[in-house]
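Peer 1:
There are 2 protein chains.
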Amino acid sequence: MSELPPQNLPSAIVAWQALLGNEHVLTQDSDLMPFQTATFSTQSQVLAVIRPKNSQQVSEAMKVANQYKIPIYPISTGQNWGYGSSVPPGDNNVIMQLSGMHAISDFSEELAHITIEPGVTQQQLYQFLQTNNSSLWMDATGSSPQCSIIGNTMERGFGHTPYGDHFNHVCSLEVVLPTGEIIHTGFSKFDNAHAHKTYKWGVGSYIDGLFTQSNLGIVTKLTLWLMPAPEYFQAFYIMIEDDSELEDLIETLRPLRLNGTIKSTVHIGNDYKVLSSVARFPWHLTDGQAKLDQAIVNQLAKEWDFGAWNVSGALYGTKLEVKSAREKITAAFKHKVKRIRFLDDNMLGLAQKFQHPYKWLTKLDLPQLLKVMVPVHGLKKGIPTPDIIASTFWRKTQPVPRQPHPDRDRCGLIWCAPVAPTTGEHARNMVNIIEQTVAKYGFEPLISMSMINERSLDNVISIIYDRDIEGQDELAQQCHQELLTRFSQDGYFPYRLSIDAMNILQQTEPSYLVLQAKIKQALDPNNILAPGRYEVDNNKSPTR
Amino acid sequence: MSELPPQNLPSAIVAWQALLGNEHVLTQDSDLMPFQTATFSTQSQVLAVIRPKNSQQVSEAMKVANQYKIPIYPISTGQNWGYGSSVPPGDNNVIMQLSGMHAISDFSEELAHITIEPGVTQQQLYQFLQTNNSSLWMDATGSSPQCSIIGNTMERGFGHTPYGDHFNHVCSLEVVLPTGEIIHTGFSKFDNAHAHKTYKWGVGSYIDGLFTQSNLGIVTKLTLWLMPAPEYFQAFYIMIEDDSELEDLIETLRPLRLNGTIKSTVHIGNDYKVLSSVARFPWHLTDGQAKLDQAIVNQLAKEWDFGAWNVSGALYGTKLEVKSAREKITAAFKHKVKRIRFLDDNMLGLAQKFQHPYKWLTKLDLPQLLKVMVPVHGLKKGIPTPDIIASTFWRKTQPVPRQPHPDRDRCGLIWCAPVAPTTGEHARNMVNIIEQTVAKYGFEPLISMSMINERSLDNVISIIYDRDIEGQDELAQQCHQELLTRFSQDGYFPYRLSIDAMNILQQTEPSYLVLQAKIKQALDPNNILAPGRYEVDNNKSPTR
C-alpha cells in the first residue's frame with residue numbers, strides 16, 4: 001500500500017548528513033522499525049530519522065525538507081502511546097526526533113517558571129526540581145517518566161494537580177515554522193521583555209494555541225509555570241457500590257469542582273478499570289477465555305475492595321483550607337456513597353509500615369494495593385511513576401518487564417477520549433455507548449472519566465489487548481472506529497485524536513475547514529510539516 | 001492630513017443601505033462626529049457608520065466591503081476609553097457598530113456559562129443574572145456599566161474577581177472572517193457537540209487567541225464562564241505610609257498570589273491615584289495651577305486616611321477558607337505595614353448605617369469615602385458601577401455629569417499599561433520611569449499596579465487632563481510617547497495598546513512580523529478589516 005519514496009530523498013539525506021552529522025541521520029530498516037511501531041496496527045512507512053540538536057539545526061533541516069519537498073514528522077520522545085506513538089498518519093515521512101534537545105533553562109523559584117526543550121522528560125524535570133531543593137511542584141501524567149513534557153503539552157494532555165491542564169500553564173514558545181523561520185511568542189517576540197515568562201498573552205494576537213494539536217510549527221522551547229507546593233495535601237477516595245448511582249455521583253461532584261472545593265482533575269474509574277490497574281487479566285477464572293463477565297469482576301471487586309465506580313482526587317492548601325474542603329465533600333456525599341476515605345502522606349506512610357499485619361488481620365491484600373495507591377498518591381503531587389503504564393499489559397500473558405515499553409512489547413492499546421459537560425445524564429449516555437460497543441468486539445469496558453476542568457468530563461476509554469494474538473489488531477481498530485462514530489453521532493467529540501481518528505474532523509463546518517486550509521497554506525506552502533496531522537484527509541472515507 | 005475617500009464609497013453605501021436599511025447606514029457629519037472623538041486628540045476621519053443586526057448581516061456587510069475595497073473598523077459599544085474609544089488607528093474607515101446585537105443565550109446555571117453578543121453590556125449581563133435569581137457572578141471592570149463585555153474581553157481586559165482574566169474564561173466564539181465567512185471555534189465547529197460551552201480547547205489547533213487584539217475577525221458571539229458565588233466574601237485593604245516600603249510590599253504579596261491565598265487581581269494604588277478616586281483636583285490648594293506637589297498630597301492623604309501605597313483585594317470561599325487566607329495575610333504583613341483592614345458585606349453595611357456619627361467622632365469624611373468604597377467593594381463581587389469612571393474628570397473644573405461620557409465631556413485620558421514580573425525591583429523601576437516622565441509634562445503620576453495573574457504586575461498609568469485647556473492634548477501625547485519609549489527600552493511592554501501606540505510593535509522580531517503578515521494576508525487578502533490595528537504601520541516612525 002505504501003507510496004514510492006520521493007525521488008529527491010537521496011539528495012535530502014546528503015544535505016541532512018552534512019548538516020547534522022551522519023550519525024544523526026538514520027536510514028537502516030532496523031533503525032526505522034521502532035518509529036513504525038505503535039500500540040496498534042499501523043501502515044505508514046518511514047523514510048528516515050533525523051536528529052537535530054538545537055533550534056538552529058531544526059530550522060536548517062526544515063529548509064532542506066522544503067528544498068526537496070520531503071514531509072517531516074516531528075516527535076519529541078515519541079511516546080504518544082494509545083494515540084499512535086511515533087508513527088505518522090501518512091506514508092513516506094521523515095521523522096524528526098527531538099529527544100536529543102533536552103536543555104532546562106530560566107528556572108525561577110520565586111516566580112515559579114521553567115523553560116524546557118522537547119526532549120525534557122517528566123523524570124528529568126522532576127529530578128531537576130529535587131536537585132534544586134525546589135519547593136515547586138510540576139504536574140505529571142500517568143504515562144512513562146521518560147515521556148516528553150512538550151509532547152504531552154502540545155497534545156493538550158492533562159494530569160492530576162491544580163496545574164493539570166498543561167497547555168493552560170504555558171507561557172511563551174519558541175517555534176520553528178514549517179518553512180524554517182524561528183519565532184518566539186507572547187512577550188518573547190521582543191528581545192528585551194521582562195514579563196515573557198510570567199504573562200502568557202503578550203500583546204497583539206495570541207497565537208500559541210495554533211501550535212497545539214496541529215501541523216503548523218515545531219515547538220523547540222516552552223516555558224511552563226510550576227505550582228508552589230501546598231502547605232498540606234490530602235488525597236480522597238470515594239466509592240459507590242452500584243452502577244445505578246453514577247448519575248448522582250457526577251451531579252454531587254460537579255458543584256464541588258465548579259466552586260473550587262476540588263481544584264484538580266477528579267478521576268472516576270469503573271470496576272473493570274480499577275481491576276486492570278491492580279491486577280492482570282484473570283485468565284485462571286475465565287478458563288483462558290478473553291471474556292470477563294460482570295460476575296467475576298464483582299467477585300474480584302469484593303476481594304480488592306473497590307466499587308462499581310471509584311473516585312480519586314486530592315485537596316491542596318493550608319490545613320484549614322483542606323479541612324474546609326473535606327467537610328464540604330463529606331457533607332455533600334452524606335448517606336450517598338459506601339465510603340469516603342481521606343489519605344495524607346502520614347497515613348500512607350503508616351499503611352506502608354503496617355501493610356503486612358494489616359493483610360493478616362483483614363485478608364485485604366494491602367501490600368499489592370499499595371503498589372497501586374502509592375504511585376496514584378504521588379501523581380496527585382506531580383511525581384512521575386513508571387507503574388501506571390503497566391496496566392497496558394492487562395491482557396498480556398508474560399510478566400511486565402522491568403522497563404516496560406508498550407510499542408516494543410506488543411501491548412495493544414487504543415485510547416478514545418470524548419468530552420461531555422459534567423452531568424449525570426451525559427456520563428450515562430457515554431457509558432451506554434461504550435458498553436454497547438466494546439463487548440461486541442470482545443473487549444472489557446475500561447472506563448476512566450476525568451473531570452478535566454470545572455465543567456467538563458473526559459471519558460477515556462482504553463481498548464487494551466494483546467497484539468500477539470491474531471485478529472486482535474483488526475478487532476481493536478474496528479471497535480475504535482465504531483466508538484468514534486457512535487460518540488460523534490451523539491455529539492461527544494474527543495479532546496485528542498489518534499493517528500487513526502483524524503477523519504472525525506470531516507464533521508467540521510466547511511467554513512472552518514477552509515480557514516484551517518488557508519492558514520496551513522500560508523505557513524506551509526509545500527505541505528511539508530506532518531501532513532494529515534489534525535487534518536481531514538480527503539482520500540479517506542468519513543467515519544460516518 | 002486625511003486621505004481622499006475611496007471612489008467606490010457611494011456604491012458601497014448603496015449596497016449597505018439595501019442590506020441593512022437606510023437608517024442603519026450613517027453618513028452625516030454630525031452622526032460621524034462621536035466616532036471620531038476619543039479621550040485624546042485623534043486625526044482619523046470616518047467615512048460612515050453601518051449597524052448590522054445579526055451575524056448574517058455582518059457577513060454580508062463584509063462581502064460588500066471586500067467588493068468595494070472599503071476598510072471596516074468594528075466596534076462593540078465603542079467605549080475603549082483611554083485607548084482610542086471608537087476611533088480607528090487609520091483614516092477612511094467605515095465603522096461597523098455592533099451595539100445593536102445584544103442577545104443573551106445558552107445560559108446554564110448548573111454549568112455556569114452564558115453566551116453573549118457584542119452589544120451586551122456589563123449592566124445588561126448583571127441585570128440578567130439578577131432577574132434570573134442566579135447564584136452566579138460575572139466579572140466586571142471599573143469602566144462604564146454600559147460598555148461591551150466582548151469588546152473588553154477581546155482586548156484582554158481584566159477585572160477584580162477570580163474570573164478577572166476575561167479571555168481565560170472564554171469558551172468558543174462565533175467569528176465573521178474578514179472575507180465574510182462565519183466560523184465557530186472550539187467544539188462549536190461541530191454542529192452537534194455537547195461540550196462546546198464547557199471545554200474551551202476543542203480538538204485540533206486552538207485558534208480563539210488569534211481574534212484577540214487583532215484585525216483577523218469580528219466576534220459576533222462569545223461564551224463566557226461565570227463564577228459560582230462564594231459562600232463568603234471579604235475585601236481587604238493594606239496601607240503603607242512610606243514609598244520606600246513599596247519593594248517589600250510587592251515581595252510580600254507575590255507568594256500570597258502565587259500560592260492561591262489571594263485568588264484575584266490585587267490593585268495597588270499610589271497616593272495620587274487614590275486621591276484622584278476620592279476627590280477632584282484641589283485647585284484651591286494650588287492657586288489654580290495644575291501642579292500638585294507631594295506635600296499637598298501628603299496633607300490630603302492624612303485627611304482622607306490613605307498611604308503612599310494602598311492595596312485592595314478580596315478573599316473568596318467558605319468562612320473557614322477566608323479565615324485561613326486572612327490569617328496568612330495578617331501573618332505575612334506583621335510589623336510591616338501601617339494597617340490591614342478586612343471588610344465583609346455586614347461591616348460595610350454597618351459603616352453605611354453609622355457613617356454620619358462616625359464622621360462626627362473621627363473627623364474622617366466617611367460618607368465621602370464610602371462613595372468610593374462601596375463601588376470598589378461591589379467590583380470585587382462583579383457588580384458594575386458608574387462611579388469609577390468619574391475619576392477621568394480629575395482635572396475638569398465643571399461638575400461630573402449624571403451620565404458621564406469621557407469622549408463627549410472632553411475628559412483627557414490616556415492609559416499606558418506595561419507589564420513586569422511581580423518583583424519589588426521591577427515595581428520600583430517602573431515607578432522611577434513614570435516619576436521621571438510625567439512630571440516633565442505637568443501631569444500627576446497616577447499609578448495603579450495590578451497583580452493581574454499569579455506572576456505579573458500590570459502598571460496602569462493614567463494620564464488625565466482637561467482637553468478644553470489648550471496645549472494639553474499635545475503634552476499628553478508627548479508624555480505617552482515618551483513613556484512608551486522609556487518602558488519598551490527598559491523591557492516593559494504594555495498588555496494592550498491605544499490606537500496611538502501600535503508602533504511599539506516595530507520592536508517585534510522580524511520573523512514574527514512576517515508570520516503575522518502571512519496570516520493577515522491569508523485571512524484578509526484585501527486588507528479590509530481594521531487596517532493598522534495591532535499592526536506595524538510602516539509609514540510611521542518607530543517609537544525608538
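For the protein sequence lines, the chains are A and B, in the order given.
This note's numbering applies: residue 1 is where the first sequence begins, and numbers increase by one.
This note's numbering applies: residue 1 is where the second sequence begins, and numbers increase by one.
Backbone N, C-alpha and C define an ideal beta-carbon position, used for all residues, glycine too.
What do you get for residue 281(A), buried or exposed, if any count of 16 or more other CB atoms within 10 angstroms of its CB means buried?
Peer 2: So residue 281(A) counts as buried.
Peer 1: Of the residues 258(A), 140(A) and 147(A), which one's Cα is nearest the Cα of residue 166(A)?
Peer 2: It is 140(A).
Peer 1: To the nearest angstrom, how far is the alpha carbon of residue 76(A) from that of residue 380(A)?
Peer 2: Each residue's Cα considered, the two are about 24 Å apart.
Peer 1: Does any residue of chain B bring its CB to less than 8 Å from the CB of residue 526(A)?
Peer 2: False, the Cβ-Cβ gap to chain B never drops below 8 Å.
Peer 1: Going by DSSP, name the residue or residues bridged to residue 525(A).
Peer 2: For residue 525(A), which the question treats as bridged, DSSP gives no partner whatsoever.
Peer 1: Quick one: does residue 344(A) have its CB under 8 Å from some CB of chain B?
Peer 2: Residue 344(A) does not count as touching chain B.
Peer 1: Given residue 15(A), which residues of its chain have a CB within under 8 Å of its CB, disregarding the five upstream and five downstream residues?
Peer 2: Counting only Cβ-Cβ distances below 8 Å, and skipping sequence neighbours, we find 64, 67 and 68.
Peer 1: Using C-beta distances below 8 Å, list every residue in its chain close to residue 201(B), excluding the 5 sequence neighbours before and after it, in chain order.
Peer 2: Closer than 8 Å at the Cβ level, and outside the excluded window around residue 201(B), lie 186.
Peer 1: Please identify the residue among 82(B), 350(B), 59(B) and 455(B) whose C-alpha is closest to the C-alpha of residue 405(B).
Peer 2: Comparing Cα-Cα distances from residue 405(B) to each of 82(B), 350(B), 59(B) and 455(B), the minimum goes to 82(B).
Peer 1: Against residue 191(A), what residues of chain B qualify as contacts under a CB-to-CB distance less than 7 Å, listed in chain order?
Peer 2: Neighbours of residue 191(A) on chain B, chain order: 509.
Peer 1: Cα-Cα, which of 118(A), 116(A) and 137(A) is closest to residue 126(A)?
Peer 2: Checking every option, the nearest Cα to that of residue 126(A) belongs to 137(A).
Peer 1: So residue 275(B) and residue 219(B) are supposed to be a Cβ contact under 8 Å. How far apart are they, rounded?
Peer 2: About 38 Å; that fails the 8 Å criterion.
Peer 1: Roughly how many angstroms separate the alpha carbons of residue 135(B) and residue 257(A), rounded to a whole number?
Peer 2: Roughly 16 Å separates the two Cα atoms.
Peer 1: Taking all protein chains shown into account, do 16 or more other C-beta atoms lie within 10 angstroms of the C-beta of residue 544(B), making it buried, or fewer, making it exposed?
Peer 2: In this predicted model, residue 544(B) has a pLDDT of only 33, less than 50, meaning its place in the structure is not dependable enough to derive any value.
Peer 1: Quick one: Cα of residue 374(B) to Cα of residue 143(B), how far?
Peer 2: Each residue's alpha carbon lies about 15 Å from the other.
Peer 1: What first and last residue would you give for the alpha helix (DSSP H) that runs through residue 259(B)?
Peer 2: First-last for residue 259(B): undefined, no H or E at that position.
Peer 1: Closer than 6 Å by C-beta to residue 313(B): which residues in its own chain qualify, once you throw out the five before and the five after it? Chain order, please.
Peer 2: Closer than 6 Å at the Cβ level, and outside the excluded window around residue 313(B), lie 236, 262 and 266.
Peer 1: Can you give me, in chain order, the residues of the region 449-481 of chain A that have a beta carbon less than 7 Å from any beta carbon in chain B?
Peer 2: Hits within the stretch, in order: 453, 455 and 456.
Peer 1: On the DSSP letters alone, give me the boundaries of the alpha helix (DSSP H) that residue 545(A) sits inside.
Peer 2: Residue coverage of chain A in this structure runs from 1 to 544, which leaves residue 545(A) outside it and unanswerable.
Peer 1: Measuring only between beta-carbons, confirm whether residue 137(B) sits less than 8 Å from chain A.
Peer 2: False, the Cβ-Cβ gap to chain A never drops below 8 Å.
Peer 1: I need the DSSP call for residue 7(A), collapsed to helix, strand or coil.
Peer 2: It is coil, neither helix nor strand.
Peer 1: Compare the C-alpha of residue 32(A) against each of 92(A), 434(A), 514(A) and 155(A) and name the closest.
Peer 2: Checking every option, the nearest Cα to that of residue 32(A) belongs to 92(A).
Peer 1: Once DSSP output is grouped into helix, strand and coil, what is the label at residue 541(A)?
Peer 2: Residue placement at residue 541(A) cannot be trusted, given a pLDDT of 42 that sits under 50; what the coordinates show is reported in the next sentence. Three-state result, residue 541(A): coil.
Peer 1: Counting Cβ pairs, one atom from each stretch, are 3 or more of them under 8 Å apart for the region 112-123 of chain B and the region 142-160 of chain B?
Peer 2: As far as the Cβ criterion goes, the region 112-123 of chain B touches the region 142-160 of chain B, which means the pair count is three or higher.
Peer 1: Going by CA-CA distance only, name the one from 368(B), 475(B) and 454(B) that's closest to residue 437(B).
Peer 2: Among 368(B), 475(B) and 454(B), the Cα nearest to that of residue 437(B) is on 475(B).
Peer 1: Is the region 417-430 of chain B touching the region 235-250 of chain B in the sense that three or more CB pairs, one from each, lie closer than 8 Å?
Peer 2: Yes, the region 235-250 of chain B touches the region 417-430 of chain B.
Peer 1: How long is the line joining the alpha carbons of residue 1(B) and residue 188(A), rounded to whole angstroms?
Peer 2: With a pLDDT of 44 at residue 1(B), under the threshold of 50, the predicted position of this residue should be treated as unreliable, though the coordinate-derived value follows. Distance between the alpha carbons of residue 1(B) and residue 188(A): 36 Å.
Peer 1: Skipping 5 residues on each side, what residues in its chain have a beta carbon closer than 7 Å to that of residue 45(B)?
Peer 2: Taken in chain order, the residues that qualify are 2, 36, 91 and 92.
Peer 1: Check whether chain A comes within 8 Å of residue 552(B), counting only Cβ atoms and requiring the distance to be less than that.
Peer 2: There is simply no residue 552(B) to check, as chain B begins at 1 and stops at 544 in what is shown.
Peer 1: Below 8 Å on the Cβ atoms is my contact criterion, and I expect residue 546(A) with residue 377(A) to pass it. Report the Cβ-Cβ distance as a whole number of Å.
Peer 2: Past the boundaries of the shown model lies residue 546(A); chain A is included only from 1 to 544, so the question cannot be answered.
Peer 1: Just to confirm before moving on: does the CB-CB distance between residue 169(A) and residue 224(A) stay below 8 Å?
Peer 2: Against a cut-off of 8 Å, the Cβ pair of residue 224(A) and residue 169(A) comes out as a contact.
Peer 1: At the level of alpha carbons, what is the spacing between residue 516(A) and residue 507(A)?
Peer 2: Near 14 Å, if we compare the C-alpha coordinates of residue 507(A) and residue 516(A).
Peer 1: Which runs of the beta strand (DSSP E) spanning at least 3 residues fall entirely within the region 33-61 of chain A, listed in chain order?
Peer 2: DSSP runs (the beta strand (DSSP E)) wholly in the region 33-61 of chain A: 46-50.
Peer 1: Would the beta-carbon of residue 86(A) fall within 8 Å of that of residue 72(A)?
Peer 2: Going by C-beta atoms, residue 86(A) is not nearer than 8 Å to residue 72(A).
Peer 1: Quick check on residue 187(B) - is its C-beta less than 8 Å from some C-beta in chain A?
Peer 2: Answer yes: the Cβ-Cβ gap between residue 187(B) and chain A drops below 8 Å somewhere.
Peer 1: Run through chain B and tell me which residues come within less than 7 Å of residue 156(A), C-beta to C-beta.
Peer 2: Chain B residues near residue 156(A): 201.
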